[in-house]
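Participant:
Protein chains: 2
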Amino acid sequence: LNELVFVGLGLHDEKGLSLHGLDEIKTADEAFIELYTSLLPGFSQERLEKLSGKRIQVLSRKEIEEENGRLVLEAAERGKTVLLVPGDPLIATTHITLRIEAEKLGVKTRIVHGASIISAAVGLSGLHSYKFGKSVTVPFPDETPSTTPYEVIRQNIELGLHTLCFLDIKAEKGRYLGIHDALKALLAIEERKKARIVTPNTLAVGIARAGSSKPVTKADYVRKLLSYDFGDPPHCMIFLGKLHFMEAEALIQFAKAPKKLRETTQ
Amino acid sequence: LNELVFVGLGLHDEKGLSLHGLDEIKTADEAFIELYTSLLPGFSQERLEKLSGKRIQVLSRKEIEEENGRLVLEAAERGKTVLLVPGDPLIATTHITLRIEAEKLGVKTRIVHGASIISAAVGLSGLHSYKFGKSVTVPFPDETPSTTPYEVIRQNIELGLHTLCFLDIKAEKGRYLGIHDALKALLAIEERKKARIVTPNTLAVGIARAGSSKPVTKADYVRKLLSYDFGDPPHCMIFLGKLHFMEAEALIQFAKAPKKLRETTQ
Numbered sequence: 019l020n021e022l023v024f025v026g027l028g029l030h031d032e033k034g035l036s037l038h039g040l041d042e043i044k045t046a047d048e049a050f051i052e053l054y055t056s057l058l059p060g061f062s063q064e065r066l067e068k069l070s071g072k073r074i075q076v077l078s079r080k081e082i083e084e085e086n087g088r089l090v091l092e093a094a095e096r097g098k099t100v101l102l103v104p105g106d107p108l109i110a111t112t113h114i115t116l117r118i119e120a121e122k123l124g125v126k127t128r129i130v131h132g133a134s135i136i137s138a139a140v141g142l143s144g145l146h147s148y149k150f151g152k153s154v155t156v157p158f159p160d161e162t163p164s165t166t167p168y169e170v171i172r173q174n175i176e177l178g179l180h181t182l183c184f185l186d187i188k189a190e191k192g193r194y195l196g197i198h199d200a201l202k203a204l205l206a207i208e209e210r211k212k213a214r215i216v217t218p219n220t221l222a223v224g225i226a227r228a229g230s231s232k233p234v235t236k237a238d239y240v241r242k243l244l245s246y247d248f249g250d251p252p253h254c255m256i257f258l259g260k261l262h263f264m265e266a267e268a269l270i271q272f273a274k275a276p277k278k279l280r281e282t283t284q
Numbered sequence: 019l020n021e022l023v024f025v026g027l028g029l030h031d032e033k034g035l036s037l038h039g040l041d042e043i044k045t046a047d048e049a050f051i052e053l054y055t056s057l058l059p060g061f062s063q064e065r066l067e068k069l070s071g072k073r074i075q076v077l078s079r080k081e082i083e084e085e086n087g088r089l090v091l092e093a094a095e096r097g098k099t100v101l102l103v104p105g106d107p108l109i110a111t112t113h114i115t116l117r118i119e120a121e122k123l124g125v126k127t128r129i130v131h132g133a134s135i136i137s138a139a140v141g142l143s144g145l146h147s148y149k150f151g152k153s154v155t156v157p158f159p160d161e162t163p164s165t166t167p168y169e170v171i172r173q174n175i176e177l178g179l180h181t182l183c184f185l186d187i188k189a190e191k192g193r194y195l196g197i198h199d200a201l202k203a204l205l206a207i208e209e210r211k212k213a214r215i216v217t218p219n220t221l222a223v224g225i226a227r228a229g230s231s232k233p234v235t236k237a238d239y240v241r242k243l244l245s246y247d248f249g250d251p252p253h254c255m256i257f258l259g260k261l262h263f264m265e266a267e268a269l270i271q272f273a274k275a276p277k278k279l280r281e282t283t284q
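These protein sequence lines map, in sequence, to chains A and B.
The opening position of the first sequence corresponds to residue 19 in the numbering used here, with each subsequent residue numbered one higher.
The opening position of the second sequence corresponds to residue 19 in the numbering used here, with each subsequent residue numbered one higher.
1) Would you identify the three-state DSSP class for Ser-36(A), choosing helix, strand or coil?
2) Contact between the stretch 108-121 of chain A and the stretch 149-156 of chain B: three or more CB pairs below 8 Å?
3) Is it the case that the stretch 123-133 of chain A contacts the stretch 21-29 of chain A, given that we only count it when at least three CB pairs across the two stretches are under 8 Å?
4) Assuming Pro-167(A) contacts Cys-183(A) under a Cβ cut-off of 8 Å, what Cβ separation, rounded to an integer in Å, is found between them?
5) Is the beta carbon of Leu-77(B) less than 8 Å from the beta carbon of Ile-51(B)?
6) Determine the contact status of Thr-111(B) and His-180(A), defining contact as a CB-CB distance below 8 Å.
7) Considering only DSSP beta bridges, list what Phe-263(B) is partnered with.
8) Check each candidate in Pro-252(A), Pro-59(A) and Arg-280(A) and name the one with the smallest Cα separation from Asp-186(A).
9) At a CB-CB cut-off below 7 Å, which residues of chain B make contact with Asp-106(A)?
10) Check whether the stretch 239-250 of chain A touches the stretch 259-270 of chain A, taking contact to mean three or more Cβ pairs, one atom from each stretch, closer than 8 Å.
11) Using a beta-carbon distance cut-off of less than 8 Å, what residues from the stretch 151-185 of chain A approach chain B?
12) For the stretch 100-188 of chain A, which segments carrying the beta strand (DSSP E) assignment without a break, of at least 3 residues, lie completely within its bounds, in sequence order?
13) So Ile-109(A) contacts chain B; which residues on that side make the cut at Cβ distance below 7 Å?
14) Quick one: what does DSSP say Glu-208(A) is sitting in, helix, strand or coil?
15) Do Ile-225(A) and Ala-94(A) have their CB atoms nearer than 8 Å?
16) Which residues of the stretch 29-55 of chain A have a Cβ closer than 9 Å to any Cβ of chain B? Give them in chain order.
17) Which whole-angstrom value describes the C-beta separation of Leu-69(B) and Phe-61(B), a residue pair presumed to lie in contact below a C-beta threshold of 8 Å?
18) Along the stretch 268-282 of chain B, where does the CB come closer than 8 Å to a CB of chain A? Name the residues.
19) Using 10 angstroms around the beta-carbon of Gly-144(A), count the other beta-carbons present and answer buried if the total reaches 16, otherwise exposed.
20) Give me the DSSP bridge partner(s) of Asp-250(A).
21) For Gln-63(B) and Lys-232(B), I'd like the C-alpha separation in whole angstroms.
22) Val-259(A): buried (16+ other C-beta within 10 angstroms of its C-beta) or exposed?
23) Please return the same chain residues whose Cβ sits closer than 6 Å to the Cβ of Ala-237(B), not counting the five positions on each side in sequence.
24) Can you give the beta carbon distance from Leu-108(B) to Gly-249(A), rounded, assuming they're within the 8 Å contact cut?
25) Within 8 Å of any Cβ in chain B, is that where the Cβ of Glu-64(A) sits?
26) When burial is assigned at 16 or more other CB atoms within 10 Å of the CB, is Leu-221(A) buried or exposed?
27) In the DSSP assignment, find the unbroken beta strand (DSSP E) run with Lys-236(B) in it and report its ends.
28) Check each candidate in Arg-280(B), Asn-86(B) and Ile-256(B) and name the one with the smallest Cα separation from Ala-266(B).
29) Since Ile-118(B) meets chain A, which of its residues come closer than 7 Å, beta carbon to beta carbon?
30) Would Ala-206(A) pass as a contact of Val-156(A) if the rule is Cβ separation under 8 Å?
31) When you compare the CB of Met-255(B) with every CB in chain A, is at least one pair closer than 8 Å?
32) List, in chain order, every chain B residue whose beta-carbon is nearer than 8 Å to that of Gly-144(A).
Below you can see the structure in the form of structure tokens.
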């Protein structure tokens with residue numbers, strides 16, 4: 019049977035894989051993995067090969083994007099092929115492109131889902147998922163400066179909604195944008211726009227290493243978060259819209275938010 | 019060690035569980051499960067007990083919500099306790115309440131994430147995740163009629179954003195709102211509001227049984243979706259904002275959308 023199965027690795031390490039995902043590797047003719055769309059800090063290729071009994075070939079961004087995933091597509095035309103990806107598959111645009119190419123070649127595709135930072139960040143914060151507006155990625159300010167994140171947060175705040183901010187990664191260079199640098203980039207935009215969207219007195223939530231056994235979730239004023247030690251990457255952030263009193267209570271209990279948050283709820 | 023670990027079961031059946039999640043059950047003193055916040059159609063308690071070697075106690079909505087999770091909290095004060103929940107934990111409000119109660123009692127809590135319909139629906143559709151606005155649940159029209167879903171879709175469309183619509187479930191009654199009935203409820207609101215948000219000629223995406231080996235993802239006009247056979251629950255839907263040409267291509271390849279969709283993209 020020739021097919022291409024996208025398998026989500028979930029968060030943090032190889033044990034984020036689901037039992038279905040492990041079965042798919044075990045029964046694959048060929049297995050590939052890409053590790054550049056997200057950081058899995060605890061991942062070990064050796065342990066995954068031992069668990070699955072399969073050799074797993076690591077693909078670079080170049081091999082997937084510039085060479086149009088040739089290695090994966092050729093394998094999928096020969097037999098059952100698994101592509102392991104961090105998080106939940108098909109959230110990164112590059113996987114969507116690859117899946118379209120496979121279907122155009124007549125190769126059947128399937129998805130085995132994994133945990134994603136999209137829902138994990140919501141769960142860790144205790145905020146209500148239906149109160150999140152559109153999400154946005156904060157790029158490296160020295161590489162691709164952009165006011166888009168600021169404008170997305172502004173639009174969501176005007177609607178009373180929270181904003182989940184992903185922080186850019188350049189895995190090939192070992193660069194992972196941290197909460198401190200992302201906040202500084204947003205404060206620099208605030209200096210110019212002066213719309214009072216991200217000020218030192220704005221409340222926000224920083225999350226580090228979601229899916230690990232010791233994630234950090236900290237809610238506080240931006241001026242305090244700037245000196246809070248979040249530890250190693252990956253990081254992400256949430257800017258807050260209007261808070262339901264249950265959400266304030268959750269932020270106080272799960273994210274050590276200042277208790278005066280209670281006074282600001284709906 | 020007394021602690022409460024929320025473990026996500028992911029989608030569809032017990033094999034949506036991550037390898038970390040399985041380890042947590044194996045090392046737990048007591049293990050509970052709730053199966054009323056989402057439907058896992060392929061789930062077998064017997065198979066999960068065999069996989070984990072642990073007896074797993076099923077909790078009803080009443081035991082968690084009316085009795086404030088007393089059984090779980092008492093177990094967590096005695097030793098390591100696992101609560102298994104469908105999807106990714108702490109997305110349902112009822113889990114947040116329980117986690118707050120546990121922390122207030124001085125019981126440490128942790129989360130082992132699982133795949134969620136929030137990211138799975140995005141991945142199955144091939145739409146871009148950062149183009150989704152706030153999500154909404156369509157309630158049973160005969161139990162709790164509401165114009166909120168219509169208004170949320172309207173607000174997102176005005177912003178050019180997609181809307182993920184969850185469909186209500188009443189697991190105790192074995193009731194699961196399907197795409198046909200949800201569309202009819204939205205069309206009835208359209209009859210009164212006449213804002214041309216959900217008409218027979220509106221394009222939408224219906225998704226059934228995400229996480230199973232045979233999920234259905236179908237994009238078409240509402241009038242066509244009304245007679246399309248999506249099969250068994252659970253179902254969800256996506257209403258579309260402005261489409262990027264890559265998104266149109268993905269809907270055509272992954273969701274058999276009408277090819278004229280290409281003419282409507284940005």
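Glycine included, every Cβ here is placed at the ideal spot set by N, Cα and C.
Because the structure is a prediction, the values reported are computed rather than measured.
Facilitator: Checking against the coordinates, here is how it stands:
1) strand
2) no
3) yes
4) 6 Å
5) yes
6) no
7) Per DSSP, none; premise fails for Phe-263(B).
8) Pro-252(A)
9) Ala-133, Ser-137, Ala-138 and Gly-141
10) no
11) Gly-151, Lys-152, Ser-153, Val-154, Thr-155, Gln-173, Leu-177 and Leu-179
12) 126-130, 154-156 and 181-185
13) Ser-137, Val-140, Gly-141 and Ser-147
14) helix
15) no
16) Leu-29, His-30, Asp-31, Glu-32, Lys-33, Gly-34, Leu-35, Ser-36, Leu-37, His-38, Gly-39, Leu-40 and Asp-41
17) About 12 Å; that fails the 8 Å criterion.
18) Ala-268, Gln-271 and Phe-272
19) buried
20) DSSP output for Asp-250(A) lists no bridge partner at all.
21) 22 Å
22) One detail in the question is off: residue 259(A) reads as Gly in this sequence, not Val. By the neighbour-count rule (16 or more Cβ atoms within 10 Å), Gly-259(A) is buried.
23) Val-223, Leu-269, Ala-273 and Ala-275
24) The pair is not a contact, with the Cβ atoms about 22 Å apart (cut-off 8 Å).
25) no
26) buried
27) 234-239
28) Arg-280(B)
29) Glu-267, Ala-268 and Gln-271
30) no
31) no
32) Leu-108, Ile-114, Arg-117 and Ile-118
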